[in-house]
Amino acid sequence: MKCVTLFREDDHCWQAFGQDPDKPDNVVDTNQYVIRSGSAAILLDPGGMEVFPSMLAALTREISVDDIKALFLSHQDPDIGSSLPLWRRVCKPDVKIYLSWLWAGFTAHFDRDAVFTTIPDEGMEVSLSHDVKLRFIPAHYLHSSGNFNVYDPKARILFSGDMGAALVPADKTNGSMFVSDFAGHIQYMDGFHRRWLGSTRARDAWVAQVSKLDIHMLAPQHGLVFKGDDVKRFIDWIAGLDIGSGVASMNR
Amino acid sequence: MICRVSLSNADFEGLVTAMSQVSISARSHTQRTDRIEARANGLLGDCRRAFHAFGDLDELAENLRILSLNAELAAGRAGDKGRAVRALTQYTRELVNRLAQIQGEMNTLRRRTFALSSTILRGLLQMSLFERACGLVDDGEHDATAKAAVDRAFSQIMHMLVETLDDMANSVGDLARRAHGVEEVVSQSDSIATNIAIEAAAAGVHEKEFRTVSDTMRHYVDDLRKMIDEASDAVRRASEKGESLRRLGLDSLGDLEDNC
Ligand SMILES: [Fe+2]
Ligand SMILES: [Fe+2]
Chain A
-19 MKCVTLFRED DHCWQAFGQD PDKPDNVVDT NQYVIRSGSA AILLDPGGME VFPSMLAALT
41 REISVDDIKA LFLSHQDPDI GSSLPLWRRV CKPDVKIYLS WLWAGFTAHF DRDAVFTTIP
101 DEGMEVSLSH DVKLRFIPAH YLHSSGNFNV YDPKARILFS GDMGAALVPA DKTNGSMFVS
161 DFAGHIQYMD GFHRRWLGST RARDAWVAQV SKLDIHMLAP QHGLVFKGDD VKRFIDWIAG
221 LDIGSGVASM NR
Chain B
56 MICRVSLSNA DFEGLVTAMS QVSISARSHT QRTDRIEARA NGLLGDCRRA FHAFGDLDEL
116 AENLRILSLN AELAAGRAGD KGRAVRALTQ YTRELVNRLA QIQGEMNTLR RRTFALSSTI
176 LRGLLQMSLF ERACGLVDDG EHDATAKAAV DRAFSQIMHM LVETLDDMAN SVGDLARRAH
236 GVEEVVSQSD SIATNIAIEA AAAGVHEKEF RTVSDTMRHY VDDLRKMIDE ASDAVRRASE
296 KGESLRRLGL DSLGDLEDNC
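Just so you know, the protein sequences line up as chains A and B, in that order. Numbering of the first sequence is given in my numbering, commencing with residue -19 and proceeding in unit increments. Numbering of the second sequence is given in my numbering, commencing with residue 56 and proceeding in unit increments.
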């Protein structure tokens, strides 16, 4: 599994893990992120159980599992957190698990013994260390009805979950974790956003909300990371996209 | 200007289909997990078969109860000639109660067994994932803490599995005892049917009625016997597999401890 450092300043660091060449083709590719500050780390969307072995192996090249103080699950999907019971087997027993209050009882189906720190609808701020604070910002209905992004104002990175997700066929990746040709990348995001997102109101609110943030990188849970001007390009693109395409198949 | 190129529907559906077809066979297994998994699947299959064989037990018990009520009425009509049959039907009712009790215990046992199977299946899945992680971490490029963390998790799961397999072996033992209980009911019902047939021969005008009772009872006894035959084969296989799995689990635990 590939590991790319997105940001590093002193002991504050963001790393992305993904594009696992050993992953079975029928399992959708996911990105997992770790934010570190000193000896504290948080794992964002730790992934499905199928990617757990490679993710664990890739992560432990970088940090000790004992440093993982928290796991963050943006929403309830299996590609986000079905590995939860496995992570809890290697992490310290007091590892915090952040998840929307909406999904605690549902995600318990993956792991009935997990204790969640539930995130209220309006989000919350957590301190990873003395000087690294993270904001869990609401992204409800995009696509999940209880969904959060993670914003790190110091690193100027927004982990956007399924927003910005792209399903890039393995033979179309060029080895990089970053979008290099925004126009060419649209084909891999278009179908996903049209079909997976349902609420225009939520999309508009999200666009308004993230437009106020200073974002240098927008890091989705699938596909490639947007950097610099591509962040604005993505926000403009999603703002004008016709979403909720599944509705057309009803009442026919 | 941003150019919008849509992924064609076929391409998109192709991706989505690929995403939705999650197959377990895609997962690479190692020999140890494979052996445990194959035997555990066999064990669970045998348990399912055994419980399935007893699936009609409640219906048979109910039929037997109704038969004993009808026989009692017939015995009442026969007056003195029906005295012995009346006693036999009362005995039949006790057997029906035994069956109902066994049936209740079997239901509890079934719930427990299926809960244990789901724990075993979950454990096996986790074990195979950790086994893969063990292989990846053991590449000389990871530090000792990574390997220790993975080994610890693996051995925790193995402990949990061995404990659960132990419980499962006990459950299979309980199931075998219940099956034996049904067997006793069968042989006693069989002799009751024989005795009613003997009474029928001396019952004069009531002979036909008593003979019908005895024939119907034989019919139920045959059904019960078939049930027992099917179930005991599954129970025997389950016991063997349960025992060999427990040993395999214990051996693996032993190996783990030796390696630590
Ligand atoms: Fe999702
Ligand atoms: Fe996702």
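Using N, Cα and C, we set each Cβ at its ideal position, and we do this for glycine too.
Tell me the start and end of each unbroken alpha helix (DSSP H) in the stretch 77 to 129 of chain A that is at least 4 residues and wholly inside, in chain order. 84 to 87
Give the straight-line distance between the Cα atoms of residue 126 of chain B and residue 161 of chain B, rounded to the nearest whole angstrom. 28 Å
Beta-carbon within less than 8 Å of residue 282 of chain B's beta-carbon, same chain only, minus the 5 sequence neighbours each way: which residues are those? 108, 109, 111, 112, 115, 237
Strictly under 8 Å for the Cβ-Cβ distance: is residue 66 of chain A near chain B by that measure? yes
Around the C-beta of residue 225 of chain B, are 16 or more other C-beta atoms found within 10 angstroms, so that it is buried, or is it exposed? Residue 225 of chain B is exposed by the Cβ-count criterion.
If we cut at 8 Å on Cβ distances, does residue 191 of chain A have a partner in chain B? no
Please confirm whether residue 26 of chain A and residue 12 of chain A have their CB atoms less than 8 Å apart. yes
By the criterion of Cβ-Cβ separation under 8 Å, what are the contact partners of residue 218 of chain B in chain A? Identification of chain A residues near residue 218 of chain B by a Cβ-Cβ cut-off of 8 Å yields none; the smallest Cβ-Cβ distance measures about 16 Å.
Shorter than 8 Å from the beta carbon of residue 81 of chain B to some beta carbon of chain A? Confidence in residue 81 of chain B is poor, its pLDDT being 33 and thus under 50, which makes the residue's placement unreliable; the coordinate value appears in the next sentence. So yes, residue 81 of chain B belongs to the interface.
Per the DSSP calculation, residue 138 of chain A is bridged to which residue(s)? A:131, A:198
Hey, which residues come within less than 5 Å of ligand 2, measuring from Cβ to any heavy atom, in chain order? A:59, A:142, A:201
Label residue 202 of chain A either buried or exposed according to how many other C-beta atoms from any shown protein chain fall within 10 Å of its C-beta, with 16 as the threshold for buried. buried
Within the continuous alpha helix (DSSP H) that includes residue 212 of chain A, where are the two ends? 209 to 219
Could you work out which residues of chain A lie near residue 192 of chain B, taking near to mean beta carbons separated by less than 8 Å? 36, 37, 40
Only counting the same chain, and skipping five residues up and downstream in sequence, which positions put a Cβ closer than 8 Å to that of residue 4 of chain A? Excluding residues within five positions, the ones whose Cβ falls inside 8 Å are 30.
Residue 187 of chain B to residue 193 of chain B, Cα distance in whole Å? 10 Å
Do the stretch 154 to 162 of chain A and the stretch 204 to 220 of chain A meet, that is, are 3 or more Cβ pairs less than 8 Å apart? Yes, since at least three Cβ pairs between the stretch 154 to 162 of chain A and the stretch 204 to 220 of chain A fall closer than 8 Å, the two stretches touch.
For a cutoff of 8 Å on Cβ pairs, would you count residue 1 of chain A as touching chain B? With 8 Å as the cut-off, residue 1 of chain A does not count as an interface residue toward chain B.
Could you please tell me which residues of the stretch 41 to 56 of chain A, in chain order, have their CB closer than 9 Å to any CB of chain D? The structure shown contains no chain D; the protein chains it does contain are A and B.
CB contact check: residue 104 of chain A to chain B, cutoff 8 Å: So no, residue 104 of chain A is outside the interface.
Helix, strand or coil at residue 196 of chain B according to DSSP, with G and I counted as helix: The answer is coil: DSSP assigns residue 196 of chain B none of H, G, I, E or B.
Give me whichever residues DSSP pairs with residue -8 of chain A in a beta bridge. Looking at the DSSP assignment, residue -8 of chain A forms a beta bridge with A:-11, A:17.
With 8 Å as the threshold, decide whether the Cβ of residue 179 of chain B is near any Cβ in chain A. For residue 179 of chain B, the answer is no, since every Cβ of chain A falls outside 8 Å of its Cβ.
Below 7 Å on C-beta distance, what does residue 33 of chain A contact in chain B? 184, 187, 188, 191
Where the beta strand (DSSP E) containing residue 158 of chain A begins and where it ends: Taken as a continuous stretch (DSSP letters only), residue 158 of chain A belongs to no beta strand (DSSP E), as it is neither H nor E.
Under three-state DSSP, which class holds residue -17 of chain A? strand
Whole-Å CB distance - residue 182 of chain B paired with residue 223 of chain B, under 8 Å assumed: Taking C-beta atoms under 8 Å as the contact rule, residue 182 of chain B and residue 223 of chain B fail to qualify, at a distance of about 16 Å.
For chain A, check one thing: does any of its Cβ atoms lie closer than 8 Å to the Cβ of residue 199 of chain B? no
Distance check for residue 291 of chain B and residue 131 of chain A, CA to CA, integer angstroms please. If you draw a straight line from the Cα of residue 131 of chain A to the Cα of residue 291 of chain B, it comes to about 60 Å.
In DSSP terms, what residue 50 of chain A is bridged to: A:22, A:76
Comparing C-alpha positions only, which one of A:40, A:229, A:126, A:136 sits nearest to residue 175 of chain A? A:229
With a threshold of 16 other CB atoms inside 10 Å of the CB of residue 227 of chain A, please say whether the residue is buried or exposed. Residue 227 of chain A comes out exposed.
Taking the beta carbon of residue 81 of chain B as the centre, do at least 16 other beta carbons fall within 10 Å, making it buried, or is it exposed? Low local confidence applies: a pLDDT of 33 at residue 81 of chain B is under 50, so the model's placement there is unreliable, with the coordinate-based value given in what follows. Residue 81 of chain B is exposed by the Cβ-count criterion.
Please confirm whether residue 95 of chain A has its beta-carbon closer than 8 Å to some beta-carbon of chain B. Not an interface residue.
Consider the Cβ of residue 307 of chain B: report whether some Cβ of chain A lies at a distance smaller than 8 Å. no
Work out the CA separation of residue 89 of chain B and residue 177 of chain B for me, nearest whole Å. 14 Å
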